[in-house]
Amino acid sequence: YGVQDPYDPQENLVGGARYLSDLIEMFGSDIRLAVAAYNAGENNVLKYGYQVPPFPETQEYVSRVLAYYNRF
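For the sequence shown, the residue numbers in my numbering are 7 to 78.
Here it is as structure tokens:
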């Protein structure tokens, strides 16, 4: 995703945004699944049948991110 220095905030944000964009496309604009894949990896979302994986960390992450997302 073009990140040479992961400690450079600008590079890190641009790379993360590119990755998230690809995940949104991969999961048919399903933001919930894209966010789950960002946290747990796309293979885990696929493994669990296009559902948020049953990992407590991922489920909490998805809930928190979507709560922030839905505020705007």
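All residues carry an ideal CB built from backbone N, CA and C; glycine is no exception.
_Beta-carbon proximity list for I37, same chain, < 8 Å, skipping 5 on both sides_ = Beyond the five residues adjoining it in sequence on each side, I37 comes within less than 8 Å, by CB distance, of I30, L72, Y75 in the same chain, given in chain order.
*Could you have a look at R77 and say whether DSSP puts it in helix, strand or coil?*
It is coil, neither helix nor strand.
_Let's see if you can read the secondary structure: which residues bound the alpha helix (DSSP H) around Y25?_
Element bounds for Y25: 15 to 32.
*Nearest to T64 by CA position, among R77, G55, A42, is which residue?*
If we check each option's Cα against that of T64, A42 comes out closest.
_Less than 6 Å between C-beta atoms, sequence neighbours within five positions excluded: which residues of the same chain meet that for Y67?_
Excluding five sequence positions before and after Y67, the CB atoms of its chain that fall closer than 6 Å to its own CB belong to N45, given in chain order.
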